[in-house]
Every structure is written in C-alpha cells, then in structure tokens.
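Heads up: the sequence lines are chains S and W, in that order. Numbering follows the working numbering, with no gaps: position 75 of the first sequence is 75. Numbering follows the working numbering, with no gaps: position 87 of the second sequence is 311. Each residue gets a CB set at the ideal place from its N, CA and C atoms; glycine is no exception.
2 protein chains.
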Amino acid sequence: MAHVNTLFMASSRKARLYGGMDADERRTERRLKLIDAAIEVYGEVGYRSATVKAICEAAELTERYFYESFANSEALLIAAYNHVVGHLHEEMTAAAAAAGDDAEARLHAALTLYFTRLKQHPKPARVFLLEISGISPAVDAVKLDAGRVFSDILVPPVLDAKHGDRGAAATLLSTGMVGAVISIALRWVSKQYPQTVEDVVAIAASFCRVALTEADRRRDLRLR
Amino acid sequence: MAHVNTLFMASSRKARLYGGMDADERRTERRLKLIDAAIEVYGEVGYRSATVKAICEAAELTERYFYESFANSEALLIAAYNHVVGHLHEEMTAAAAAAGDDAEARLHAALTLYFTRLKQHPKPARVFLLEISGISPAVDAVKLDAGRVFSDILVPPVLDAKHGDRGAAATLLSTGMVGAVISIALRWVSKQYPQTVEDVVAIAASFCRVALTEADRRRDLRLR
DNA sequence: GTTATCTGACAATAAAGATTGTCAATTCTG
DNA sequence: CAGAATTGACAATCTTTATTGTCAGATAAC
Numbered sequence: 001m002a003h004v005n006t007l008f009m010a011s012s013r014k015a016r017l018y019g020g021m022d023a024d025e026r027r028t029e030r031r032l033k034l035i036d037a038a039i040e041v042y043g044e045v046g047y048r049s050a051t052v053k054a055i056c057e058a059a060e061l062t063e064r065y066f067y068e069s070f071a072n073s074e075a076l077l078i079a080a081y082n083h084v085v086g087h088l089h090e091e092m093t094a095a096a097a098a099a100g101d102d103a104e105a106r107l108h109a110a111l112t113l114y115f116t117r118l119k120q121h122p123k124p125a126r127v128f129l130l131e132i133s134g135i136s137p138a139v140d141a142v143k144l145d146a147g148r149v150f151s152d153i154l155v156p157p158v159l160d161a162k163h164g165d166r167g168a169a170a171t172l173l174s175t176g177m178v179g180a181v182i183s184i185a186l187r188w189v190s191k192q193y194p195q196t197v198e199d200v201v202a203i204a205a206s207f208c209r210v211a212l213t214e215a216d217r218r219r220d221l222r223l224r
Numbered sequence: 225m226a227h228v229n230t231l232f233m234a235s236s237r238k239a240r241l242y243g244g245m246d247a248d249e250r251r252t253e254r255r256l257k258l259i260d261a262a263i264e265v266y267g268e269v270g271y272r273s274a275t276v277k278a279i280c281e282a283a284e285l286t287e288r289y290f291y292e293s294f295a296n297s298e299a300l301l302i303a304a305y306n307h308v309v310g311h312l313h314e315e316m317t318a319a320a321a322a323a324g325d326d327a328e329a330r331l332h333a334a335l336t337l338y339f340t341r342l343k344q345h346p347k348p349a350r351v352f353l354l355e356i357s358g359i360s361p362a363v364d365a366v367k368l369d370a371g372r373v374f375s376d377i378l379v380p381p382v383l384d385a386k387h388g389d390r391g392a393a394a395t396l397l398s399t400g401m402v403g404a405v406i407s408i409a410l411r412w413v414s415k416q417y418p419q420t421v422e423d424v425v426a427i428a429a430s431f432c433r434v435a436l437t438e439a440d441r442r443r444d445l446r447l448r
C-alpha cells in the first residue's frame, strides 16, 4: 500500500526530507537498490531459489520495502529483467548507429557489443538468458517483447506498406534468428566463454544473415 | 521404498499376480500411467502448477504410487520429457532414413515430421518446448542432451578425425540451429499454428542450412 | 474359506516462504 | 526540544504442497 499523502500535499509542497531526499526520491532509491540486489542474488542462487528475504538482506532493506515497490517476486523479476535488457538494447542500438548504414556492419557492431557485455557480466547473463523462461505468462510476455526489440536492432524490419507490420514469415524468421543467437549466447556463457567474442559473433552473424537476406529478398520483390 | 522380496524370490519365482500381472508389471504399468497423466496435467496447467496430487488423480492412483516410481516431481518431469522426446526423435530418425542419402532431403523429412507432430499434440509441445528451461541443473542436462540428439538427426555431425568429436565452432553452430528451430516451433505452437507445416519447415530449414553448409565447408577442407 | 498381500482413501506431519502486523528507535521539522 | 514521520527489526500468520503414515477393505493363493 504505497501511502501517498494526497490530503496535505495536493499542491507541489514536497514531502519531508530524509537524508536530503524527499519521499519519492527515497522510494525510487530503494526500488533501485532492490533491483540491484535481485540481480546479485539471482546470479548467486538463481531466480527460483532467490527468496524475498535474501534479496532484502542484500539490498539492506526489510521486507516492508519490498512490498512497497513490488507486488511480488515476479514483479521484481520483470523489473530487473527490463532494467538489464533495456540498457543492453540501448547500447546495442547506439553501437549499430555508430557503425553506419551498411546492414552487415551494423549487425556486426551490435552483436559484438552484445557478446562483449555478456562476457563482462556472467551472473546476470546466465539468469536472464536461461531462467527467464516459463515462469509465468506475464514474464513470458516481457521476454517475447524483448525478443522483438532485439531482433529489430539486429535486422531492422522491412515493414509491409499495406498492413504496417511485417508478414507472418518474417516474424518466424526473426524468432528463429533471436532463438539462434540466444542459444549460442547461453551455451557460450555456461561453458565459460571458450571462444573469443570475435568467433562467437561470426557464428551468430551467420544465422542473422538468414533473416537479413530474406528481408532483402522481400524488399526487392516489392520494388520490382 | 520399493519393496522387493529378495528373501523368497531369489530364484525366478514370480510374485503374486494381481489382475493377471506380477508385481513388476503392475509397477511399470503404474509408472506409465503417471507419465501419461503428467503429460496431460502439465499441458493443462503447466509444470510449475502441476501438483503431485493432481497428477495422481489424473492417473487414478494415490500419492503412495507416485513415490513408488519417482523420487520427486522433478524425476517425473524428466521421465515424461524423455518419454515424449525420445519417441519423437526415433520417428525423426526413421523419417530421415526413409528420405534417402541427400542431406537436404533428410533434413526436410525430419523437420516435416517434427512440426507435424507438434501440431498434433499442442499440449505436450508447449510444455516440453517452453517450461523445460531453468528448472534445475538435472533437467537442464537432460534438455541439453536432447538438443544434441536433435541436432545430430537434422544435420549429422562431421566428426573430427583427430579428436573424435566436432570442433568448438561446430558445437555453436548446432546450438544455434537447434535454438532457431525450437524458437520457431514455440512461437508457431503458441500462436496456434498460423502457418502451414510446409511453410514453417521451409523457414526452419533455412536456419539449418547454415549449419549444413558449414559442415560441408569443413568436410571439403579436410578432403582437399 | 482362511490368510497373507496389495490397494485406495485419507489423515498427519513437515517445511518453506510469502505477506502482514507490531513496536521501539531514529530522523526530521518547526 | 517536542512532536510527527519514517525506518528497521522481527514476530505472527497464512498458505501451500510435499511426503509419510495409518487402516479398512479388496484380491489372490492355497
């Protein structure tokens, strides 16, 4: 029950300060600490064995604050996932943009950033690649959405002018591409990075090329 | 505690018959009923929400018989998974063999059988494609193994003469291929089969071709 | 038909963890 | 400093399900 004092601060009067922060700031700070702690704890023992208590201890907060920010464990998982993956996707987008206009070069840049980050952060990598599956419909939806974003970064979609979305075949191509890259990543991570980033990127790229060339083929068809 | 009468039937004397079956037969029959019931229940509510009690009810057996055949829920999950996937793999192998010697034709035959079966059995398909991830290390190992078998059926490995196994790059290629096919399958299943089997097979095959051509390339290198 | 074995129903126990509630100590405001 | 808001520690409760145990009735062997 997030207690917001609507009675006495209907105007913009700030709530009492604690540690120099007002109520909202303190709350979001705690929320962030919980997310960081969750990533830490998930990495240690996995999501399934991560208790609310353990996460709170890692965050140096008590259970009360857990329920202040999250309805339940699952909500925190989703928040943590979005936190990590959202940032990663931003970086990938930037890397792709910096690589210029060539589709192949952009793909290579984005993948290189992806695998580099995975290697830098083994713990969260494992959790968010593997354990994110089959938790609940809500989590599945979040994951599905992330997959779409991931795909669009690697191979920007060719939109169907008529319907405003990609065709059914293109969806399956994206799905396959993302599945391939993530499977490769998962294996690479869990075997503790036996190949160089460069080598893994090359292999992953070869699967992305399937979707890329198919996209090209479709564009050509349209323009002919 | 599986009670085996070692004292009085050290020789081949059969245990008392019930319903025409001896003790062993009855036990394996019950075990099979539990596996079938598990597949059913998993399909309804998912593995995570499938209680021992619900599975026993579906099997028309009491909890006692659950623990007679399985140490815990996870053991049953593994048994059910192996049951379903093992049979599927056998069929795929047979389909590939029937398709002759051409790698491309064998691939097509095996994939067609795979997607056909998925369409025939939506419930188990969903569970064993999706929920099998991240349950426990034991389950992960089983899944990993199944992935290897699956890959070997689709694209028979080119063994490295020196080391007797495939190279590191080939492993990642297999991983990516299987990941792509399974992701495509999962999407196709959960969207309730919007494309024809034929179309899905064509798309899945295009990812397998990545691994296939790479395998060819490596064979050529060796023979040169 | 009598006895030993097996079965099915169900109670009893156990364990783990989520969620809520209490209260004293701390920190701010005026 | 007095009083109010906020925090941290921790107890209490609730729920859920696995797992084990009991026992009366059913079934087969002799």
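If distances are taken between C-alpha atoms only, which option among the options comes closest to residue i?
| i | options | result |
| --- | --- | --- |
| Pro137(S) | Arg272(W), Asn306(W), Val402(W) | Arg272(W) |
| Thr395(W) | Ser183(S), Leu17(S), Ala168(S), Val210(S) | Ser183(S) |
| Val521(W) | Ala299(W), Ser375(W), Glu315(W), Leu301(W) | With chain W running from 225 to 448 in the structure shown, residue 521(W) is simply not present. |
| Asp220(S) | Thr196(S), Leu159(S), Thr175(S), Asp199(S) | Leu159(S) |
| Ser174(S) | Cys280(W), Val424(W), Leu397(W) | Val424(W) |
| Ile39(S) | His89(S), Ala97(S), Gly19(S), Pro122(S) | Pro122(S) |
| Glu438(W) | Ala283(W), Gly391(W), His311(W) | Gly391(W) |
| Gln120(S) | Arg217(S), Tyr193(S), Arg30(S) | Tyr193(S) |
| Arg262(S) | Ala98(S), Gly100(S), Arg30(S), Pro157(S) | No information on residue 262(S) is available, as it lies outside the stretch 1 to 224 that chain S covers here. |
| Ser368(W) | Lys191(S), Thr196(S), Glu57(S) | This sequence places Leu at residue 368(W); Ser is not what is there. It is Lys191(S). |
Excluding the 5 residues flanking residue i on each side, which residues of the same chain have their C-beta closer than 7 Å to its C-beta?
| i | result |
| --- | --- |
| Leu118(S) | Ala125, Ala185, Val189 |
| Ser297(W) | Val276 |
| Leu354(W) | Leu410 |
| Tyr18(S) | Arg26 |
| Tyr81(S) | Phe128, Ile132, Val142 |
| Ala320(W) | Arg330, Ala333, Ala334, Ile377 |
| Gly20(S) | none |
| Thr197(S) | A small correction: the amino acid at residue 197(S) is Val; Thr does not occupy that position in the sequence shown. Cβ neighbours of Val197(S) beyond the five flanking positions: Thr112, Phe115, Thr116, Lys119. |
Can you name the residues that DSSP bridges to residue i?
| i | result |
| --- | --- |
| Tyr18(S) | Met21(S) |
Kindly list the residues whose CB is nearer than 8 Å to the CB of residue i, restricted to its own chain and excluding five residues on each side of it in sequence; keep chain order.
| i | result |
| --- | --- |
| Leu212(S) | Ala103, Glu104, Leu107, Val155 |
| Asp140(S) | Ser133, Gly134 |
| Arg16(S) | Asp22, Ala23 |
| Gly400(W) | Phe431, Val434, Ala435 |
| Ala393(W) | Glu438 |
| Asp165(S) | Leu159 |
Does the Cβ-Cβ distance between residue i and residue j come in under 8 Å?
| i | j | result |
| --- | --- | --- |
| Val85(S) | Phe115(S) | no |
| Ile302(W) | Val366(W) | yes |
| Ile356(W) | Met316(W) | no |
| Phe294(W) | Leu285(W) | no |
| Ala146(S) | Ala404(W) | no |
| Ile55(S) | Val45(S) | no |
Tell me which same chain residues have a C-beta within less than 6 Å of the C-beta of residue i, skipping the five on either side of it?
| i | result |
| --- | --- |
| His83(S) | Ile35 |
| Ala59(S) | Lys33, Leu34, Ala37 |
| Ala274(W) | Val265, Tyr266 |
| Ala99(S) | Ala105, Arg106, Ala109 |
- Message: Would you call the stretch 426-437 of chain W in contact with the stretch 330-337 of chain W, where contact means no fewer than 3 C-beta pairs closer than 8 Å?
- Response: Yes: at least three Cβ pairs fall under 8 Å.
- Taking one C-beta from the stretch 60-67 of chain S and one from the stretch 23-38 of chain S each time, how about it: are there three or more such pairs within less than 8 Å? Yes, since at least three Cβ pairs between the stretch 60-67 of chain S and the stretch 23-38 of chain S fall closer than 8 Å, the two stretches touch.
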